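**Q** Residue numbers (the working numbering): 243 to 385.
1. Excluding the 5 residues preceding and the 5 following residue 314 in the sequence, name in chain order all residues of the same chain whose CB lies nearer than 8 Å to its CB.
2. How is residue 356 classed by DSSP in three states: helix, strand or coil?
3. Give the DSSP-derived three-state secondary structure of residue 374 in the structure shown.
4. Output needed for residue 248: all residues of its chain with C-beta closer than 8 Å, excluding positions within five of it in sequence on either side, in chain order.
5. Who are the near neighbours of residue 377 in its chain, counting only those whose CB is closer than 7 Å to its CB and skipping five residues on each side?
6. Let me know if residue 362 comes out buried or exposed under the rule of 16 or more other beta-carbons within 10 Å of its beta-carbon.
7. Can you tell me where the beta strand (DSSP E) holding residue 290 begins and where it ends?
8. Just the C-alpha distance for residue 307 and residue 341, rounded to the nearest angstrom, thanks.
9. Taking C-beta to C-beta, are residue 254 and residue 380 nearer than 7 Å?
10. If residue 274 sits next to residue 372, beta carbons under 8 Å apart, how far is it from one beta carbon to the other, in whole angstroms?
11. Can you tell me which of 337, 370, 284 puts its alpha carbon nearest to the alpha carbon of residue 355?
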């Protein structure tokens, strides 16, 4: 019997399953990291770095506005990717969305004058803690 051909296909099958599981884990949740300079968000192929010095506004919103998906995905309670707001379709401004739970409040971050980012974490308490941190780092200009 010839088994050498089967070994190749078995290894290829196992490697394919491992790669698919790795991609699923990367997209499953938002991986956030804050340091002294800013916020870093990674979710699969999508990532954003927002320096605290570039923050313009930080708000809690109950839901994200209607948008057109340029790329990304929606699955159950998750919404991730690059979108474009309907009202800005002529300007082609991108909106980055990293939402782990559509039912909970989202943090709307405006940075670098006009870039928007919507984010929330699976746990609403963690989302609130992230909002508090970002709000404290927001530079308020005196009137």
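We put the CB at the ideal spot given by N, CA and C, even for glycine. The structure presented is a predicted model; accordingly, all values stated were derived computationally and were not measured.
**A** With the structure as the only source:
1. Beyond the five residues adjoining it in sequence on each side, residue 314 comes within less than 8 Å, by CB distance, of 288, 321, 322, 323, 324, 325, 339 in the same chain, given in chain order.
2. DSSP places residue 356 in coil when its eight states are reduced to three.
3. Here residue 374 sits in helix by DSSP.
4. Hits under 8 Å: none found.
5. Scanning its chain for C-beta atoms nearer than 7 Å, with the 5 sequence neighbours on each side dropped, one finds around residue 377 the residues 300, in chain order.
6. So residue 362 counts as buried.
7. Element bounds for residue 290: 288-293.
8. The straight-line gap from Cα to Cα measures roughly 13 Å.
9. Going by beta carbons, residue 254 and residue 380 fall outside the 7 Å limit.
10. About 7 Å; that satisfies the 8 Å criterion.
11. Comparing Cα positions, the closest option is 337.
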